[in-house]
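Numbering (our numbering), first residue to last: 7 to 126.
Backbone N, C-alpha and C define an ideal beta-carbon position, used for all residues, glycine too.
Quantities reported herein were computed from a predicted structural model and do not represent experimental measurements.
The following block contains the structure:
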């Protein structure tokens, strides 16, 4: 069984990515960016296409917004009012370093894979 041909496995991986990266953010905030970049690079091999990349990141965004709005003292940084100042920067960094690379790497990987199959 090939990992990219199983739709259920792909959806499961999308959910697992959101849970894993969200857990890293809550449990290891000091090293979150390094771990998130590493997880994203590993998942660039696992995701089938851009749809699964966007699904994973949408689930992560929904989970983070829900956590952010429901927790009074989220990650020991203070209340929602205190985090409003830095949150836009976190989303910009997330977009640049976590979302943009797979949007480039996954299609490039798929293109190289198709090119290799044609040669074989």
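Identify the continuous alpha helix (DSSP H) that holds residue i and give its terminal residues.
i, result
"residue 41", "38-52"
"residue 34", "Taken as a continuous stretch (DSSP letters only), residue 34 belongs to no alpha helix (DSSP H), as it is neither H nor E."
"residue 116", "106-125"
With DSSP collapsed to three states, give me the class of residue i.
i, result
"residue 8", "coil"
"residue 92", "coil"
"residue 55", "coil"
Would you report the Cα separation of residue i and residue j, rounded to the nearest angstrom?
i, j, result
"residue 25", "residue 92", "23 Å"
"residue 8", "residue 51", "12 Å"
"residue 60", "residue 21", "11 Å"
"residue 68", "residue 11", "27 Å"
"residue 35", "residue 125", "45 Å"
"residue 111", "residue 75", "32 Å"
"residue 19", "residue 53", "8 Å"
"residue 63", "residue 96", "14 Å"
"residue 57", "residue 114", "15 Å"
Beta carbon of residue i: closer than 7 Å to some heavy atom of the ligand SAH?
i, result
"residue 126", "Within the structure as shown, the ligand SAH is missing, as the structure has no ligands at all."
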